[in-house]
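Per our numbering, the very first residue in the sequence shown carries number 4; after that it's consecutive.
Taking it in order: structure first as structure tokens, then the write-up.
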Amino acid sequence: MSLNTWFAKGLTVQEYIEKMNVNKEEMNTIYQQFTLDEDDVSILESIRNQSLRVIVLTEDWCGDAMLNNPILLKIAEEAGMDVRFLPRDSNLELMDQYLTNGTSRAIPIFIFIDQEGNEKAVWGPRAPKIQQLVDRMRKPLPDKEHPDFKTKQSEMIQTLTASYKEDESLWKEVSYSIITTLKKKRLHV
């Protein structure tokens with residue numbers, strides 16, 4: 004199936020948000036509170052004439068999606084990009100083309116395409132500095148076989164999710180990473 008076909012199959016922003024059962028309020032809060040700085044707005048205006056569109060592979064229960072999706076929406080608005088959401092678990096054929104490290108169905112994945120459906124850039128599932136934070140938080144966890152692993156992992160995820168919701172510097176890292184990806188692909192004029 005072509006990327007244009009996948010895009011057409013996707014949910015609009017409004018449809019996706021209406022169907023959300025998890026993290027809806029948190030995602031909306033980040034969206035309402037996050038703002039792009041003037042330099043970012045200038046960069047995004049320079050790619051507006053590219054008429055890019057974005058396919059988002061995601062799930063509403065995902066903490067990384069809760070953080071990244073609202074920031075993508077702000078970026079897309081500023082750059083005039085149309086966004087469509089595809090739930091990962093019901094679109095594995097596409098997801099398996101965008102595995103993280105060739106093995107993981109980590110989300111969200113943002114696939115930027117032109118009007119002809121050509122892939123122009125891919126981003127996700129995390130900004131590099133967010134990945135470093137996750138790696139640091141995972142390091143002290145016991146082995147997966149350890150009886151405390153699930154409890155300790157759950158505590159770590161709760162701490163991480165709380166920081167995703169509240170730490171605006173993390174929001175800026177995500178924005179910077181997405182915009183840098185677009186700049187590296189020389190999508191601006």
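Every residue gets a Cβ at the ideal spot worked out from N, C-alpha and C, and that includes glycine.
(1) In this structure, how does DSSP classify R108 when only helix, strand and coil are distinguished?
(2) Alpha carbon to alpha carbon, how far is I116 from A109? Give it in angstroms, no decimals.
(3) Can you tell which of I58, L55 and D63 has its C-alpha closest to the C-alpha of I20?
(4) CB I114 to CB E122, shorter than 8 angstroms?
(5) Give the DSSP bridge partners of F113, in chain order.
(6) Taking the alpha carbon of K12 as the reference point, which residue from L70, E48 and F88 has its own alpha carbon closest?
(7) Within the continuous beta strand (DSSP E) that includes F88, where are the two ends?
(8) Is it right to say A68 is buried, meaning 16 or more other beta carbons lie within 10 angstroms of its own, or is it exposed?
On the basis of the coordinates in this document:
(1) Coil.
(2) Approximately 20 angstroms between the Cα atoms of the pair.
(3) Looking at the Cα atoms, D63 is the closest of the given residues.
(4) Yes, the Cβ-Cβ distance between I114 and E122 is below 8 angstroms.
(5) Bridge partners of F113: V59 and W126.
(6) Per the Cα distances, F88.
(7) It spans D85 to P90 - the beta strand (DSSP E) in which F88 sits, taken as one unbroken run.
(8) Counting Cβ neighbours within 10 Å, A68 comes out buried, since at least 16 surround it.
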